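Chains as they are written, first to last, in this note's numbering: chain A, 1 to 101; chain B, 102 to 202. Glycine included, each C-beta is placed from N, C-alpha and C at the ideal position. All figures in this text were calculated on a predicted structure; none of them were measured in a lab. Below is one structure, written out as structure tokens; comments come after it.
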DNA sequence: TACATTTATCGTAATTTTGCGATTAAAACA
DNA sequence: TGTTTTAATCGCAAAATTACGATAAATGTA
């Protein structure tokens, strides 16, 4: 990044795979996803009870999962419900299947 | 890590999945793996020609892939040959398949 | 023997990640 | 209305990641 000052361009699918992989690269985030898969959705409080990390830390991990596109959120008055984003989930599945072909 | 000073213990499969995901969480490393998959193996120099990053940076990425267990290395006099570690590759495939079930 | 090739490693800087406690904001409830 | 519940965000510190150039070590070649 010194000589050219240009960022390398990677193709779209590689970037998506990197983003999904990064989402999965922390064990707490894997546990959160597993919980959501099993229970279809969750609230932040469920995960706080499930994983021994501070509420703010759990919130941050969930935010990252959301940024990756693997989950989305629905406002339910005072609570926020988080669920797997199944279309991106399928996309991720396809990308991982493709590389581990 | 302040109150308890104890690290959370995650189960073995979750940790492995996190490690494999981290390996895949950088686009350059994905490209390296794709190159190796196609060409069965590679030398550092091949990747330096393939991806516009400094040789030291490529070396670092390859080292990380090796640490993750997804690749291994064989010394060939002055060159080092890197190849996919197929048994761990299969293991990774199974873990990703399992979570994206 | 001198030089070239190949890769690893060191030192460094910039950025990102991880984790926490404290605080805030909004809705629900008594 | 005051209190509780739920979750987001801020500020901060420690650690890890990413990238580079410089250098070193080992082998091959002229």
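In this structure, how does DSSP classify residue i when only helix, strand and coil are distinguished?
| i | result |
| --- | --- |
| residue 183 of chain B | strand |
| residue 177 of chain B | strand |
| residue 9 of chain A | coil |
| residue 188 of chain B | helix |
Check the C-beta distance from residue i over to residue j and give it rounded, since I have them as a contact under 8 Å.
| i | j | result |
| --- | --- | --- |
| residue 65 of chain A | residue 118 of chain B | Rounded, the Cβ-Cβ distance is 15 Å, inconsistent with contact. |
| residue 193 of chain B | residue 100 of chain A | 6 Å |
| residue 71 of chain A | residue 58 of chain A | No, residue 71 of chain A and residue 58 of chain A are not in contact; Cβ-Cβ is about 13 Å, not under 8 Å. |
By the DSSP assignment, the alpha helix (DSSP H) with residue i in it spans what residues?
| i | result |
| --- | --- |
| residue 154 of chain B | Here residue 154 of chain B belongs to no alpha helix (DSSP H), and DSSP marks it neither H nor E. |
| residue 33 of chain A | 27 to 39 |
How would you call residue i, buried or exposed, if buried means at least 16 neighbouring beta carbons within 10 angstroms?
| i | result |
| --- | --- |
| residue 139 of chain B | exposed |
| residue 54 of chain A | exposed |
| residue 94 of chain A | exposed |
| residue 199 of chain B | exposed |
| residue 121 of chain B | buried |
| residue 74 of chain A | exposed |
| residue 110 of chain B | exposed |
| residue 56 of chain A | exposed |
| residue 150 of chain B | exposed |
| residue 107 of chain B | exposed |
With 8 Å as the limit, tell me which residues of the stretch 149 to 180 of chain B have their beta carbon closer than that to any beta carbon of chain A; keep them in chain order.
152, 153 and 154
Which of the residues in the stretch 26 to 42 of chain A, read from start to end, lie with their CB under 9 Å from any CB of chain B?
26, 27, 28, 29, 30, 31, 33, 34 and 37
What residues from the stretch 11 to 26 of chain A come within 7 Å of chain B, judged by C-beta to C-beta, listed N to C?
Correct list: 14, 15, 17, 18, 21, 22, 24, 25 and 26.
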